[in-house]
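K.L.:
The structure is given below, and queries will be raised subsequently.
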Amino acid sequence: MLIARYSDALAEHYCRRLRELGFRPGAKVICTAAPSLGAPKLYRVDNAVYSLDKLVARAIYVERLA
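Here it is, written out as structure tokens:
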């Protein structure tokens, strides 16, 4: 998956921090783990793995790789 954009509803400070971590438009992102019971999912971007809570993850729009 490639990051397409962020939701317009996502606060700018979240957008800025996501870009700092590598979650920027055009970056390849992979969900590496989806724990049960509502725990944050793990995502790999730029050779690093980060956990994102559901609200932030849902505000990142992605496109499938061709």
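According to our numbering, the sequence shown is numbered sequentially starting from 144.
Ideal Cβ placement from N, Cα and C applies to all residues, glycine included.
As the structure is a computational prediction, the values presented were derived from the model and not from experiment.
Rounded to whole angstroms, what is the Cα-Cα separation between L208 and M144?
P.N.:
Each residue's Cα considered, the two are about 5 Å apart.
K.L.:
By alpha-carbon positions, which one of K171, A152, R148 ends up nearest to L100?
P.N.:
This structure cannot settle anything about residue 100, because the visible part of the chain is limited to 144 through 209.
K.L.:
Once you ignore the five residues that flank D189 on each side, which residues in its own chain have a CB closer than 6 Å to its CB?
P.N.:
Answer for D189: G165, listed in chain order.
K.L.:
Would you tell me roughly how many angstroms separate the C-alpha atoms of A154 and P178, rounded to the nearest one?
P.N.:
So the alpha carbons of these two residues sit roughly 26 Å apart.
K.L.:
Just the C-alpha distance for L180 and A170, rounded to the nearest angstrom, thanks.
P.N.:
Spanning the two alpha carbons is a distance of roughly 28 Å.
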